[in-house]
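I have placed the structure first, in the form of structure tokens, so that the comments after it can refer back to it.
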Amino acid sequence: MPFDYESLPYCPVDAADAAAAKRGRRRLSLGQLLMGERSRLTPYPMRLRRNVACDALCSTLVTADDAAVLGRRVRDGYRARLSMDDLPLIMRARTSTRAPYLRGHPLGEPAPGGGGASAAAARDAPPFRLYNHLSFVVYYHDASAPAASSAAAAVEPGGSAPSGAPPRYRVVGFEVAPVSVDHVWAPADGGAARLTTCPVNASTAAPLLLTPASGAAVNVTYTYDVTWRPSEVAWATRWDALTPVSTGRETVQWFAVANSALLSCTLTAVVAVIILRTLKRDVARYAALEALVDGDDGADEFGAAEDYGGWKLLRGDVFRAPAHAARLAALGGCGSQLAVMAAATVLVGILGFLSPSRRGGLLSMLITLWVLSSAAAGYVSARLHKALGGSGRSWLPTALGVALGLPAFTFSVLLFLNGVLWASGSVGATPFAALLALVALWFGATTPLTLAGARLGHRVKAYDFPVRTNQIPRPVPLQPAYLRAPWCHLAVGAVPFACVMIELRYTLDSLWRGDLYGGFFFVTLCFFLLTVVSAECAVVLVYAKLVHEDHRVVWDAFLAPATSGLYVLAYSVAWMVRSPDLGGASVVSDLLFVVYNLLVAVCFGLLTGAVGLVSVLWFMRRIFGAVRSD
């Protein structure tokens, strides 16, 4: 849950500088607004290639209430995220962590051993060390000079750029090392006070300890250093160093991809055996039995006692319209839209068109894809509606279900979370103008496109199923326990989830811990394997149910892979509980996490369910088309 940087007792920004920055500030994109990003000017003045050594920003009085707020933010692990030239501020990890870099810098750290406070004070408002000194390191690249001369350029404190042609410098790195220093002022010879604790040595400096429970106000002095260092890193590749994949993580990811690929190959082999061997044998058997019934002596090799049973008996019932067919078609349309969005996203990401320097760019692109893919959602829903027995103008309620169903659920979740954030005083609350923009896109773009796509899909010729449907439904025999819902659905749903479990962990780290993520190659592989496995799992389950003469398989084709969303939600909650820096931080934060991941799980289930539904319809047309109809 983000909070405004200016809500903390830091040094204020000069009014003239703030006004100038506001006039020259770029408007935030819709994606940035929805992600809770807000642009603020910091009080740290920096000039190109001019080093600063322990410069005092200001001295401010931190009251007990301010210290209590700071203490809560420190205990909850909040970080201040600064940026320069759209490059995020990073801090090198001090210990072995998930990533070599961490975005932003922590506000402070809990005092070891309670800082000498009483037990009650340590429990209610424990002391903490405030990071009031920031040592910045800015890496720059001389774009106007050859690569060999860039690193040779020395920068002295207060120095200036070399003479001659005007050089061009690019910022390629922005790092910080925060330090807690209990600054001491002493009078100088001229009467002005000076800091005796400068320059700051992080290993020997006495830390600044704040104790909110004492109730006393503390005068805090904020200082900073700036060191400019030349770098051979070009501006075009400056993000490569921020999104590294460690050897251990890459090994785990390759291991997960290999396991998923092995699982996919196994399921592919099973489906191939079903189609190429089992079905071929069954079709030949049924053809011989029909020939036997017609009096063909050439069928004696199969035996007159051959049982005429199995999946072929269902050819007059398997394409019967299921219960609530319109709802199933709408769910399939929503899932197909999400599949198109996911495929386009991984394609754009693997081609390198998603620049990390464009903050909020991913979410803005997803909104654009949501609008553009609405026509595909309407088209698929209308085609499914006709395939599942719909006719006439009954396609309109199905199309409206696609246009209004998932967007209404998503918008309701957004409004609920927006109210929670607004009540908590967080800057993450979406502005009213952004909400109006979403509503305008919803009713002004996506709904008309969905209806247009549905109209087009309805006018296209319906699927020609290979067999006619009987008027009287065939009774379904008692099914084995392992083929009964919901157990068969839960068992099948675990398989697609296993394909993305490892990558889901790193995605959660990136979204909720601020880790920089650069693994679009692995995401692409996982998405491809997820699609294949979801289709094959649904096909295997449906074939098993058909063999046991259960023709009510259309809903199973959707629900079985869709239950993978339940596993995504359960894994996300377990990840939060097992993360000491996230789980239990506050009730509001936990609520935000659970609700956001509930939305992700619903979308994940719709995507895999739609893949399974379309694959099973194709599979049944294939196998029953191979059998001669009576």
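Residues 6 to 635 (the working numbering) make up the sequence shown, in order.
Ideal Cβ placement from N, Cα and C applies to all residues, glycine included.
None of the values given here were measured: they were computed from a predicted structure.
Boundaries of the beta strand (DSSP E) in which residue i is found, first to last residue
i, result
"residue 58", "57–67"
"residue 147", "138–147"
"residue 181", "174–184"
"residue 87", "Taken as a continuous stretch (DSSP letters only), residue 87 belongs to no beta strand (DSSP E), as it is neither H nor E."
"residue 192", "190–192"
"residue 115", "113–115"
"residue 198", "198–200"
Check whether residue i and residue j have beta carbons under 9 Å apart
i, j, result
"residue 556", "residue 398", "no"
"residue 322", "residue 478", "yes"
"residue 378", "residue 34", "no"
"residue 597", "residue 419", "no"
"residue 566", "residue 630", "no"
"residue 644", "residue 375", "Because the chain is modelled from 6 through 635, residue 644 falls outside the range shown and cannot be assessed."
"residue 10", "residue 85", "yes"
"residue 413", "residue 455", "no"
"residue 621", "residue 602", "no"
"residue 130", "residue 82", "no"
"residue 423", "residue 446", "no"
"residue 431", "residue 518", "no"
"residue 6", "residue 515", "no"
"residue 506", "residue 576", "yes"
"residue 433", "residue 41", "yes"
"residue 50", "residue 15", "no"
"residue 354", "residue 529", "yes"
"residue 508", "residue 533", "no"
"residue 395", "residue 331", "yes"
"residue 230", "residue 204", "yes"
"residue 93", "residue 8", "no"
Cβ-Cβ separation, residue j to residue i (assumed contact under 8 Å), whole Å
i, j, result
"residue 210", "residue 186", "5 Å"
"residue 604", "residue 415", "6 Å"
"residue 136", "residue 183", "4 Å"
"residue 380", "residue 458", "4 Å"
"residue 319", "residue 551", "6 Å"
"residue 133", "residue 215", "6 Å"
"residue 489", "residue 580", "Between residue 580 and residue 489 the Cβ distance is about 31 Å, and since that is not below 8 Å, they are no contact."
"residue 222", "residue 69", "7 Å"
"residue 568", "residue 495", "5 Å"
Coarse secondary structure for residue i, derived from DSSP in three states
i, result
"residue 231", "strand"
"residue 319", "helix"
"residue 237", "coil"
"residue 224", "strand"
"residue 106", "strand"
"residue 311", "Since pLDDT at residue 311 reaches only 44, below the 50 mark, its modelled position is unreliable, and the value read off the structure follows with that caveat. Note: residue 311 maps to coil in three-state DSSP."
"residue 92", "strand"
"residue 53", "coil"
"residue 13", "coil"
"residue 214", "strand"
"residue 34", "coil"
"residue 629", "helix"
"residue 204", "coil"
"residue 325", "coil"
"residue 609", "helix"
Cβ shell of residue i (< 8 Å), same chain only, five flanking positions each side left out
i, result
"residue 463", "387, 390, 391, 400"
"residue 421", "600"
"residue 267", "none"
Range of the contiguous alpha helix (DSSP H) that encloses residue i
i, result
"residue 95", "It is not in any alpha helix (DSSP H) - residue 95 instead sits in the beta strand (DSSP E) that spans 95–97."
"residue 134", "Unbroken run through residue 134 is the beta strand (DSSP E), 133–135; no alpha helix (DSSP H)."
"residue 339", "330–355"
"residue 423", "400–428"
"residue 541", "525–552"
"residue 506", "492–518"
"residue 560", "559–567"
"residue 3", "The structure shown does not extend to residue 3, since the chain spans only 6 to 635, so no value can be given for it."
"residue 478", "Neither: residue 478 is in no alpha helix (DSSP H) and is coded neither H nor E."
"residue 372", "366–377"
Cβ neighbours of residue i in the same chain (closer than 6 Å, five flanking residues each side left out)
i, result
"residue 148", "173, 175"
"residue 228", "59, 61, 138"
"residue 497", "542, 546, 565"
"residue 243", "177"
"residue 158", "Any reading at residue 158 must be qualified, since the residue scores a pLDDT of 49, below 50, and its modelled position is unreliable; no value is offered."
"residue 343", "608, 611, 612"
"residue 72", "215, 217"
Residues of its chain near residue i, where Cβ-Cβ distance is below 7 Å and the 5 sequence neighbours each way are ignored
i, result
"residue 240", "146, 148, 175, 177"
"residue 407", "335, 338, 339, 382, 383, 386, 455"
"residue 46", "18, 22, 23, 26"
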